[in-house]
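**Student:**
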Amino acid sequence: MAKPSHATWGGRFTTGPAELMLQFSESVSFDRRLAPFDIAGSKAHSAMLAHVGLISAKERDAIHAGLDAILADIAADKFAWDTKLEDVHMNIEQALTQRVPAAAKLHTARSRNDQVATDMRLWFKHACAVLGEKLLGAERALLAVAGANRDVLIPGYTHLQRAQPVLLAHHLFAWLEMLDRDQARFAEVAEHANWCPLGAGALAGTTLRIDREFTAKALGFVDARGRPQVTQNSMDAVADRDLFIEFAGACALFGVHLSRIAEDLILWSSAEFKFAELPDAFCTGSSLMPQKKNPDACELLRGKSARLQGNLHTLLTLTKGLPLTYNRDLQEDKPPVFDSFDQTAMCADVLAGMVAGMTFNRDRCAAAVRDPALLATDLADYLVLKGVPFREAHHAVGALVRLAEKNSMALDQLPTEEVQKVHPGFGLHWLEVFDLKRSLANRKGTGMPGTVPVTRQFRRWKKRLA
Ligand code: ARG
């Protein structure tokens, strides 16, 4: 059945792996996307081997030329990937061996364990940079739609009940705060990735005199002042998967934010609210009901967040209880992070595209925010300014609300004599409170939804997202 092993590790085997084992254990179907990083790592490693005299400059140059040619083939889709060769590392090494005799020296002082750890750290740095840009795109789209609806007011909600008036921009800026934290989280993950594990070997380094700092520098694992950063424990370096969890965690939390934003948009675009109109390009119709326009993009954003959380959970479970150091289980670490990356990237683009095309229904927003009950707290504040303790003021306004409800009238329709009977603190000008402009003008403090602080936030975001 099984033939003698020709695998790179085949020396001690009398037979090769079963066909089923090859299928079961291959990872090249998903880790081939690491090729550019794997080749960058191999070029830096061979440069270091030449630097310390373990290979000649000629051998290094031959290896570099061979790797460049392989990368070009991969980019042109002309590379023959072979699942029998297990993974991206073996595929590239074998292809190099066929081109360059010196390829046999490339794996000196290296193991696939520190190799894959290095590839992934390079990949995480790249992935975080890409997602940072995509998030920026979504944030810019949000700022633009806030700018186009600068003067629109809506009710802010707690418990999904109308609470107090806010500028629409203030609500949109709340989303910006969430996305901005996500961006910061990805930047942090990239920083944590910025340590070079090459030289850790399989788990115990090497007896050969290598220069880890040289490799780290060549691959850009350097601090702000250009000093190389290398991992400090060879066993941790090959066993550690914290970055995978941190990255998937950042994606999952972004997903939670997306799902909350999506939920607001779904509500706002419903006939019951009708505050917002989503662009046709990001909605779909019903196969049965001709009138339907469904907010599918929002629902998928909400749904994808489940998948992003699932990926995080997979990684936590995968690493929990594993003995040091490398175990083959760890090969399963890549599909979830790649999926989280792909989905997060697409979600950010969809959010940006959808937000860029959405419009607001000014009349509906104005009608909703006109409800005088939204200013009940302002009315309590009015009494406070007349020296009434807040608890007493709250109670008095509550009594007015009850009275208005009993008489089926709006709060600002109550006769002034009745109002003054409830509390003598209400003066003749109590109705002046029911002015949205006044209410918004009075919310002056930092972080509040008033005209002045929101104008300041417009300036801040414009500068930040420039
Ligand atoms: N494909 C492997 C992985 O992704 C590479 C490391 C293999 N190391 C080993 N000792 N078999 O985990």
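Sequential numbering from 197 applies to the sequence shown in our numbering.
Just so you know, even glycine gets a beta-carbon here, dropped at the ideal spot from N, CA and C.
For clarity, every value in this text was computed on a predicted model and none was experimentally measured.
Nearest to threonine 314 by alpha carbon, out of Ala576, Gly397 and Asp545?
**Tutor:** Minimum Cα distance to threonine 314 is reached at Gly397.
**Student:** Does the structure place the segment 554-562 close enough to the segment 471-487 that three or more beta carbon pairs sit under 8 Å?
**Tutor:** Yes: the two stretches touch, three or more of their Cβ pairs being nearer than 8 Å.
**Student:** Output the distance between the C-alpha atoms of serine 238 and glycine 499, rounded to the nearest integer angstrom.
**Tutor:** Whole-angstrom Cα-Cα distance: 40 Å.
**Student:** Let me know if tryptophan 391 comes out buried or exposed under the rule of 16 or more other beta-carbons within 10 Å of its beta-carbon.
**Tutor:** Buried.
**Student:** Tell me the DSSP bridge mates of leucine 349?
**Tutor:** Note: leucine 349 sits in a beta bridge opposite Leu363.
**Student:** Based on Cα-Cα distance, which residue from Arg228, Glu255 and Arg336 lies nearest to lysine 659?
**Tutor:** Closest by alpha carbon: Arg336.
**Student:** By a C-beta neighbour count over all protein chains shown, 10 Å radius and 16 as the cutoff for buried, is proline 351 buried or exposed?
**Tutor:** By the neighbour-count rule (16 or more Cβ atoms within 10 Å), proline 351 is buried.
**Student:** With distance defined between alpha-carbon atoms, name the residue in His355, Val341 and Leu267 nearest to leucine 372.
**Tutor:** Minimum Cα distance to leucine 372 is reached at Val341.
**Student:** With DSSP collapsed to three states, give me the class of glutamine 425.
**Tutor:** Note: glutamine 425 maps to coil in three-state DSSP.
**Student:** Measure the Cβ-Cβ separation of aspartate 278 and valine 224 and say whether it is below 9 Å.
**Tutor:** Their beta carbons are under 9 Å apart, which means aspartate 278 touches valine 224 by this criterion.
**Student:** According to DSSP, is asparagine 490 part of a helix, a strand, or is it coil?
**Tutor:** Three-state DSSP puts asparagine 490 in a strand.
**Student:** Name the DSSP bridge partner or partners of glutamine 357?
**Tutor:** Beta-bridge pairing links glutamine 357 to Thr354.
**Student:** Grouping DSSP H, G and I as helix and E and B as strand, with all else coil, what is glutamate 588?
**Tutor:** Glutamate 588 falls in the helix class under three-state DSSP.
**Student:** Quick one, are the C-beta atoms of alanine 271 and arginine 256 less than 9 Å apart?
**Tutor:** The answer is no: Cβ separation not under 9 Å.
**Student:** In three-state DSSP terms, what is glutamate 222?
**Tutor:** Of the three classes helix, strand and coil, the one that applies to glutamate 222 here is coil, per DSSP.
**Student:** Could you check if leucine 149 belongs to the surroundings of the ligand ARG, using beta carbon to heavy atom distance under 8 Å?
**Tutor:** The requested residue 149 does not occur in the structure, where the chain is confined to residues 197 to 662.
**Student:** Determine the DSSP secondary structure at threonine 612, reduced to helix, strand or coil.
**Tutor:** The answer is helix: DSSP assigns threonine 612 an H, G or I state.
**Student:** So, helix, strand or coil for valine 248, using DSSP?
**Tutor:** Valine 248: coil per DSSP, three-state reduction.
**Student:** Leaving out the 5 sequence neighbours to the left and right, which residues in its chain are closer than 6 Å to alanine 359 when beta-carbon positions are compared?
**Tutor:** The residues are Gly352 and Tyr353.
**Student:** Taking only three categories from DSSP, how would you classify cysteine 324?
**Tutor:** Correct three-state label for cysteine 324: helix.
**Student:** Would you give the residue range spanned by the alpha helix (DSSP H) that glycine 207 belongs to?
**Tutor:** Looking at the DSSP string, glycine 207 is not in any alpha helix (DSSP H), and its letter there is neither H nor E.
**Student:** Go ahead and pull the three-state DSSP assignment for phenylalanine 556.
**Tutor:** DSSP places phenylalanine 556 in strand when its eight states are reduced to three.
**Student:** From which residue to which residue does the alpha helix (DSSP H) around proline 649 run?
**Tutor:** Per DSSP, proline 649 belongs to the alpha helix (DSSP H) from 647-660.
**Student:** Is the beta carbon of glutamate 614 less than 9 Å from the beta carbon of leucine 599?
**Tutor:** Yes, these two residues count as a Cβ contact at 9 Å.
**Student:** Nearer than 8 Å: is that true of the beta carbon of asparagine 345 relative to any heavy atom of the ligand ARG?
**Tutor:** It does not: the Cβ of asparagine 345 is nowhere closer than 8 Å to a heavy atom of the ligand ARG.
**Student:** Assuming the contact rule is C-beta atoms closer than 8 Å, cysteine 561 and leucine 364 should be a hit. Round their C-beta distance to whole Å, please.
**Tutor:** Their Cβ separation, rounded to whole angstroms, is 7 Å, which keeps cysteine 561 and leucine 364 in contact under 8 Å.
**Student:** State the DSSP-derived secondary structure class of serine 276, mapped to helix, strand or coil.
**Tutor:** Before going on, a small fix: residue 276 reads as alanine here, not serine. Residue state, collapsed to three classes: coil.
**Student:** Roughly how many whole angstroms lie between the Cα atoms of leucine 146 and isoleucine 266?
**Tutor:** Because the chain is modelled from 197 through 662, residue 146 falls outside the range shown and cannot be assessed.
**Student:** Give me the residue from Glu329, Ala203 and Arg295 with the minimum Cα distance to leucine 661.
**Tutor:** Among Glu329, Ala203 and Arg295, the Cα nearest to that of leucine 661 is on Glu329.
**Student:** One question on the structure: do isoleucine 718 and proline 491 come within less than 9 Å of each other, judged by their Cβ atoms?
**Tutor:** This structure cannot settle anything about residue 718, because the visible part of the chain is limited to 197 through 662.
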